[in-house]
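All remarks here apply to the structure that follows.
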Amino acid sequence: KAGVTQTPRYLIKTRGQQVTLSCSPISGHRSVSWYQQTPGQGLQFLFEYFSETQRNKGNFPGRFSGRQFSNSRSEMNVSTLELGDSALYLCASTRDSQTTDTQYFGPGTRLTVL
Amino acid sequence: AQSVTQLGSHVSVSEGALVLLRCNYSSSVPPYLFWYVQYPNQGLQLLLKYTSAATLVKGINGFEAEFKKSETSFHLTKPSAHMSDAAEYFCAVTTTSGGSYIPTFGRGTSLIVHP
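First to last, the sequence lines map onto chains C and S. For what it's worth, this note's numbering labels the leading residue of the first sequence as 0, then goes sequentially. For what it's worth, this note's numbering labels the leading residue of the second sequence as 7, then goes sequentially.
This is the structure we're talking about:
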């Protein structure tokens with residue numbers, strides 16, 4: 000079974016631009032969560048999508064948004080990029096939206112904002 | 007509110023020595039606790055999880071953790087370190103309320119294994 004894939008793996012943008020990251024979950028998994036990982040703040044939960052609906056949201060500004068498609072693939076969008084948005088963005092999929100389900104993480108997209 | 011504290015951003019051990027990575031949590035409701043490992047340029051991989059069953063949880067690669075409610079701890083141990091254990095380790099807690107959850111991760115502990 001293929002794992003969680005994220006594209007692109009690396010991205011360089013400039014301040015003020017917007018960016019879209021993509022995540023394909025493991026086949027059969029309906030829940031996709033997104034995380035931001037930085038040296039300063041560690042791993043922080045962005046949001047979770049389940050069956051095309053945002054189920055949970057972390058404490059991030061509205062510039063961070065996402066969506067999920069009917070095939071469970073998810074995209075995350077960041078508008079008006081700031082230098083502080085430079086981070087590794089990880090997505091994780093689970094079979095459904097249960098707290099005890101194992102999350103399977105993708106390798107991440109490393110975003111650099113110049 | 008929930009939080010996770012991992013004591014020590016770096017832990018250094020010799021190959022063959024005991025590995026002990028500390029995790030303390032705070033949660034207003036019974037927690038679910040997890041340990042993840044992250045190798046360079048990779049995502050996180052689940053090592054083990056506590057979901058209110060046995061308090062001693064065995065995971066992959068010889069790791070185990072014990073849930074101690076009185077100490078609000080969930081420390082990760084391995085009897086004998088291997089060079090391949092060198093990685094970043096994260097403790098995480100999630101709590102459920104009304105069917106939704108937000109996971110909280112610790113800042114991570116980098117395990118260094120000396121030959």
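Glycine is no exception: its CB is placed at the ideal position from the N, C-alpha and C atoms. The model shown is predicted, which means the values in this text are computed figures rather than measured ones.
Requested in this report: Inspect the CB distances between the segment 109-117 of chain S and the segment 36-47 of chain C and report whether three or more fall short of 8 Å.
Outcome: Counting C-beta pairs with one atom in each stretch, the segment 109-117 of chain S and the segment 36-47 of chain C have three or more that are closer than 8 Å, which means they touch.
Query raised in the report: Since S/E94 sits in a beta bridge, which residues does DSSP pair it with?
Result: Looking up residue 94 of chain S in the second sequence gives position 88. DSSP lists S/Q44 and S/S116 as partners of S/E94.
Requested in this report: Closer than 7 Å by beta-carbon distance: list the chain S residues that pair up with C/N76, in chain order.
Outcome: Residue mapping note: residue 76 of chain C aligns to position 77 of the first sequence, counting from 1. Under the 7 Å cutoff, chain S gives no residues; its nearest Cβ is about 20 Å from C/N76.
Query - Assigned exposure category for S/V35 - 16 Cβ within 10 Å defines buried - result: One-based indexing of the second sequence puts residue 35 of chain S at position 29. By the neighbour-count rule (16 or more Cβ atoms within 10 Å), S/V35 is not buried but exposed.
Query raised in the report: Taking the continuous beta strand (DSSP E) assigned at S/K64, which residues delimit it?
Result: The residue given as residue 64 of chain S occupies position 58 in the second sequence. Unbroken beta strand (DSSP E) run through S/K64: L62 to K64.
Requested in this report: Tell whether a beta-carbon distance below 7 Å holds between S/E77 and S/T61.
Outcome: For the purposes of this step, residue 77 of chain S is taken as the residue at position 71 of the second sequence. For the purposes of this step, residue 61 of chain S is taken as the residue at position 55 of the second sequence. No, the pair does not count as a contact, with Cβ atoms beyond the cut-off.
**Report entry** Burial state of C/T141 (16 or more Cβ within 10 Å)
**Finding:** This structure does not reach residue 141 of chain C, given that chain C is present from 0 up to 113, and the question cannot be answered.
Query raised in the report: Shortest alpha-carbon distance to S/L54 belongs to which of S/Y95, S/S32 and S/E21?
Result: Residue 54 of chain S sits at position 48 when you count from the first residue of the second sequence. The option with the nearest alpha carbon to S/L54 is S/Y95.
Query raised in the report: DSSP three-state call for C/G27: helix, strand or coil?
Result: Translated into the one-based positions of the first sequence, residue 27 of chain C becomes position 28. Residue state, collapsed to three classes: coil.
Query raised in the report: With a Cβ-Cβ cutoff of 7 Å, do C/Q35 and C/Y88 count as a contact?
Result: Indexing the first sequence from 1 puts residue 35 of chain C at position 36. Indexing the first sequence from 1 puts residue 88 of chain C at position 89. For C/Q35 and C/Y88, yes; Cβs fall inside 7 Å.
Query raised in the report: Within the chosen definition, does the segment 70-87 of chain C reach the segment 16-32 of chain C through at least 3 CB pairs nearer than 8 Å?
Result: The segment 70-87 of chain C, when compared against the segment 16-32 of chain C, does touch it at the 8 Å Cβ threshold.
Requested in this report: Using a Cβ cut-off of 7 Å, pull out every chain C residue sitting near S/F111, in sequence order please.
Outcome: For the purposes of this step, residue 111 of chain S is taken as the residue at position 105 of the second sequence. Neighbours of S/F111 on chain C, chain order: G41 and L42.
Query raised in the report: Taking S/F69 as the reference, which of S/S90, S/K75, S/G49 and S/T11 has the closest Cα?
Result: Working through the second sequence from its first residue, we reach residue 69 of chain S at position 63. Checking every option, the nearest Cα to that of S/F69 belongs to S/S90.
Report task. For the beta strand (DSSP E) holding C/M75, just list the boundary residues, first then last. Result -> Here residue 75 of chain C refers to the residue found at position 76 of the first sequence. That run of the beta strand (DSSP E) goes S73 to V77.
Query raised in the report: Considering S/F73, what are the terminal residues of the beta strand (DSSP E) in which it resides?
Result: Working through the second sequence from its first residue, we reach residue 73 of chain S at position 67. Run containing S/F73: E70 to K74, per the beta strand (DSSP E) assignment.
Query raised in the report: Since S/R28 is in the beta strand (DSSP E), which residue starts that stretch and which ends it?
Result: Here the question's residue 28 of chain S lines up with position 22 in the second sequence. Boundaries for S/R28: no beta strand (DSSP E) harbours it, and the DSSP string shows neither H nor E there.
**Report entry** Cβ of C/N55 within 7 Å of any chain S Cβ
**Finding:** Residue numbering aside, residue 55 of chain C sits at position 56 when the first sequence is read from its first letter. At least one CB of chain S lies nearer than 7 Å to the CB of C/N55.
Query raised in the report: Closer than 7 Å, CB to CB, is C/G15 near chain S or not?
Result: In the first sequence, the residue the question calls residue 15 of chain C occupies position 16. So, not an interface residue.
Query raised in the report: How many angstroms separate the CA atom of C/R109 from the CA atom of C/Q5?
Result: Position 110 of the first sequence, counting from 1, holds the residue named residue 109 of chain C. Position 6 of the first sequence, counting from 1, holds the residue named residue 5 of chain C. One C-alpha to the other measures close to 10 Å.
Requested in this report: Could you tell me whether any Cβ in chain S is nearer than 7 Å to the Cβ of C/T101?
Outcome: For the purposes of this step, residue 101 of chain C is taken as the residue at position 102 of the first sequence. With its beta carbon less than 7 Å from one in chain S, C/T101 belongs to the interface.
Report task. Return the bridge partner residues of C/V18 from the DSSP annotation. Result -> By 1-based counting over the first sequence, the position of residue 18 of chain C is 19. Beta-bridge pairing links C/V18 to C/V77.
Query raised in the report: Looking at the structure shown, is S/L53 part of a helix, part of a strand, or coil, going by DSSP?
Result: Mapped onto the second sequence, residue 53 of chain S falls at position 47. Three-state DSSP puts S/L53 in a strand.
**Report entry** Buried versus exposed call for C/D95 [16 or more other C-beta atoms within 10 Å across all chains shown]
**Finding:** As a first step, residue 95 of chain C must be located in the first sequence, where it is residue number 96. Exposed.
Report task. Please confirm if S/I66 has its CB atom under 7 Å from at least one CB of chain C. Result -> Position 60 of the second sequence, counting from 1, holds the residue named residue 66 of chain S. No - not a single Cβ of chain C is within 7 Å of the one on S/I66.
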